[in-house]
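Asker: Quick one: this structure, given as structure tokens, is what I'll be asking you about.
Residue numbers (our numbering): 164 to 428.
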């Protein structure tokens, strides 16, 4: 039996018995068996024979899932320390492109603001864009640019200030840095299926509250609606710190919004 035929029949036998996200996770695992088997020089027919019939395999998987559901659920919730370490790693990675860009533009200080305001990204972004759009350097004129007027024995000096307008290129790079800053967490969580690079290094992962693999819809709710939009409301990140520290499952507000948990891998 060929790989696509085997996986298709396995899906048919699992549909209606298990949640769709669990089925997709199972099919991804068994697709990996075919990939590794081919690398060992085996044919699809040999691999499918070793795995057994899709109907019998589906029945076995359903029984295992049923037993797991009946057993006490141990979610292995990640501790707040691991989450904080993962956050710091991800904050550095998210800000790094903006740091490089601001160094080229002439001031790395702005990237530190982005790092500080990473829990509330719209606040940091407003400062970032303001700098990129209007502050490419006030240049003080030379002595020839100075004028003086004597009035009632007082000399008033004026210094001409020239504003250097930002170029299209500098604005474009600034916007790219900002886009990465906003979308890093969302993109990484989609690519790594519930993990950012920081979470992978700390061996933690985002899952649904029932411990099922997180879906794309919940990833968007958590990472975009929750962490970018909701967290940009004043005091929301501070409240999330308290909920992470003092709630039973250490949920931030964006976890509550998307009905997710962060667990140990």
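We put the beta carbon where it would ideally sit given N, CA and C, even for glycine.
Keep in mind that this is a model prediction, so the values were computed, not measured.
Count the C-beta pairs between the region 235-253 and the region 214-224 that are closer than 8 Å, then say yes if the count reaches three, no if not.
Answerer: no
Asker: Could you give the C-beta distance for residue 420 and residue 384, rounded to a whole number, given that I count them as a contact under 8 Å?
Answerer: Contact between residue 420 and residue 384 holds, since their C-beta atoms are separated by about 6 Å, short of 8 Å.
Asker: Which same chain residues end up closer than 7 Å to residue 427 when comparing Cβ atoms and leaving out the 5 residues on each side of it in sequence?
Answerer: 239, 241, 366, 367
Asker: To the nearest angstrom, how far is the alpha carbon of residue 252 from that of residue 355?
Answerer: 16 Å
Asker: Write down the C-beta distance between residue 174 and residue 190 rounded to the nearest angstrom, noting that I regard them as a contact closer than 8 Å.
Answerer: Contact between residue 174 and residue 190 holds, with the beta-carbon distance rounding to 6 Å and staying under 8 Å.
Asker: Closest to residue 346 by CA distance: which of 386, 376, 381 is it?
Answerer: 386
Asker: By DSSP, does residue 368 sit in helix, in strand, or in coil?
Answerer: strand
Asker: Report the CB separation of residue 348 from residue 414 in whole angstroms; it is logged as a contact under 8 Å.
Answerer: About 17 Å separates the two Cβ atoms, so there is no contact after all.
Asker: Taking the CB atoms as reference points, tell me whether residue 361 and residue 377 lie closer together than 7 Å.
Answerer: Taking 7 Å as the Cβ cut-off, residue 361 and residue 377 do not qualify as a contacting pair.
Asker: How is the beta strand (DSSP E) around residue 427 delimited, first residue to last?
Answerer: 423-427
Asker: Which residue or residues does DSSP assign as beta-bridge partners of residue 181?
Answerer: 178
Asker: What is the rounded straight-line gap between the Cα of residue 177 and the Cα of residue 344?
Answerer: 40 Å
Asker: Within 10 angstroms of the Cβ of residue 280, are there 16 or more other Cβ atoms? Answer buried if so, exposed if not.
Answerer: buried
Asker: Any heavy atom of the ligand HEM within a distance shorter than 6 Å of the CB on residue 370?
Answerer: In terms of ligand content, the structure shown is empty, and the ligand HEM therefore cannot be addressed.
Asker: Count the CB pairs spanning the region 273-288 and the region 255-264 that are closer than 8 Å, and state whether there are at least three.
Answerer: yes
Asker: Hey, quick one: how far does the alpha helix (DSSP H) through residue 389 stretch, first residue to last?
Answerer: The continuous stretches of alpha helix (DSSP H) do not include residue 389, and DSSP gives it neither H nor E.
Asker: Whole angstroms are fine: how far does the CA of residue 172 sit from the CA of residue 208?
Answerer: Cα to Cα, residue 208 sits roughly 14 Å from residue 172.
Asker: I believe residue 186 touches residue 196 by the beta-carbon criterion, under 8 Å. Please report the beta-carbon distance rounded to the nearest angstrom.
Answerer: Not quite, the Cβ-Cβ distance comes to about 16 Å (not below 8 Å), so this is no contact.
Asker: Can you tell me the Cα-Cα spacing of residue 164 and residue 206, whole angstroms?
Answerer: 9 Å
Asker: For the alpha helix (DSSP H) holding residue 241, just list the boundary residues, first then last.
Answerer: Taken as a continuous stretch (DSSP letters only), residue 241 belongs to no alpha helix (DSSP H), as it is neither H nor E.
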